[in-house]
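These notes concern the structure reproduced below.
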Amino acid sequence: MARPSCGRVLEEGDLAAGKSTAAACDGWIVFEDEAGQSMTLPRARSWGRKGSTPVVRVRGRGSGRASMAGLTCYKLGKRSRIFYSVREYRGRKDEPKGIGWRDLRDLLIRAHIQLGGPIVLVCDNLRMHLVEPMRQFITDHADWLTVFQLPSYSPNLNPQEGIWSLVKHDIGNLAAADLGQITRAVKRRLKQIQYRPDLVDGCLAGTGLITGD
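In my numbering, each residue's number is its place in the sequence shown (first place is 1) plus 570.
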C-alpha cells in the first residue's frame, strides 16, 4: 500500500487526511508532543483562609529538569490510550538534556506493539522529528508508520497538550524536595490518566478536531 511521505501537513480544523489513512490501514491516529517540568512549578489554585493567599515555597535553581514525551492514541470503536516516556536531566556531564529522537523511536515501537496495529502519527515540526535518523526510521517502518505534521504554531490542535495541562495542574501545589519527587509525581499522574480514557477523549474534544465518521 502506498503511504504519504513524512512531513505531509494536516489541514487546520479537521482530521480528514489522517483519518482516511488510518481507516485504510485499520490503524490508530496518534498525536505526539514533548513537555518539561523543573523545580519551579506552574501556578495552581488551592484552598486558603479568606483574605490570606497561600504561598508554596519551592527550590527553583540548579535542580535539573524532568522531560516528557507522550502519545495520545485514538481509534474508532477502541478505548483511547496514552503512552509516555520521562527522562531526568541533572546537569551531569554527557547526560542528555531532554527527550531525543531515540526516545521517540522507542516510544513509537512500544506503542505499535501494544496497540497491535499501524500508527498514523501526527506531530509538530520540532527539529527532533526532522533529523535524518528519525526520517530513516520512518522510511524503514513505512509498513506500519505514517507521519503527518500539524500546521506551524498550532498547539491547540494537539490533544497531548491537554494531557500536559492535566499533569501540571495536579502538581501545581506540590512543594517538592528534589527532582526525583517531581518525576515520581509526573509519572503517577500520567499513570492515573492511562486508566481514564474519558480524560484522553476530553483532550481530543478540546481541540475541536473532527472525529466522527
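Virtual Cβ for every residue (Gly too), placed ideally from N, Cα, C.
Reduced DSSP category for residue i - H, G, I as helix; E, B as strand; rest coil
i, result
"Thr777", "coil"
"Gly731", "Rather than Gly, the amino acid found at residue 731 in this sequence is Glu. Glu731: helix per DSSP, three-state reduction."
"Thr786", "For residue 786 there is no data in the structure shown, the boundaries of the chain being 571 and 783."
"Ile741", "coil"
"Met609", "coil"
"Ile713", "A quick correction: the sequence has Asp, not Ile, at residue 713. Residue state, collapsed to three classes: coil."
"Asp694", "coil"
"Arg649", "coil"
"Pro767", "helix"
Separation of residue j from residue i, as counted between CA atoms
i, j, result
"Thr623", "Arg657", "34 Å"
"Leu769", "Ile763", "7 Å"
"Pro788", "Arg758", "As shown, the chain starts at 571 and ends at 783. That puts residue 788 outside it, with no answer to give."
"Arg660", "Asp596", "42 Å"
"Asp676", "Gly621", "50 Å"
"Asp771", "Met609", "29 Å"
"Arg789", "Arg635", "Within the shown structure, residues of the chain are numbered from 571 to 783, placing residue 789 beyond reach of any answer."
"Gln730", "Arg705", "22 Å"
"Pro721", "Gly750", "35 Å"
"Leu760", "Pro725", "19 Å"
"Pro767", "Pro703", "33 Å"
"Asp603", "Lys648", "22 Å"
"Gly570", "Gln607", "The shown model of the chain, from 571 to 783, leaves out residue 570, and the question about it has no answer."
Unbroken alpha helix (DSSP H) run spanning residue i, endpoints
i, result
"Asp673", "671 to 685"
"Gly750", "749 to 764"
"Leu700", "697 to 700"
Residue range of the unbroken beta strand (DSSP E) whose run includes residue i
i, result
"Arg662", "Careful: Arg662 lies outside any beta strand (DSSP E) and carries neither H nor E."
"Gly597", "Premise fails: Gly597 is in no beta strand (DSSP E) and is neither H nor E."
"Leu641", "635 to 644"
Nearest candidate by alpha-carbon position, reference residue i, set the options
i, options, result
"Cys643", "Arg766, Tyr723, Ala681", "Ala681"
"Leu779", "Arg754, Asn728, Tyr765", "Asn728"
"Gly732", "Phe718, Leu646, Gly687, Ile652", "Ile652"
"Arg672", "Phe601, Tyr723, Ala639", "Ala639"
Legend entry - Three or more C-beta pairs below 8 Å linking the region 727 to 742 and the region 707 to 719: Between the region 727 to 742 and the region 707 to 719, the count of C-beta pairs closer than 8 Å stays below three; the two stretches do not touch.
Inset, instruction - Spell out a yes or no on whether the region 687 to 697 and the region 740 to 747 are touching, meaning 3 or more CB-CB pairs, one atom from each, closer than 8 Å. - result: When C-beta atoms of the region 687 to 697 are compared with those of the region 740 to 747, fewer than three pairs fall below 8 Å, so the two segments do not count as touching.
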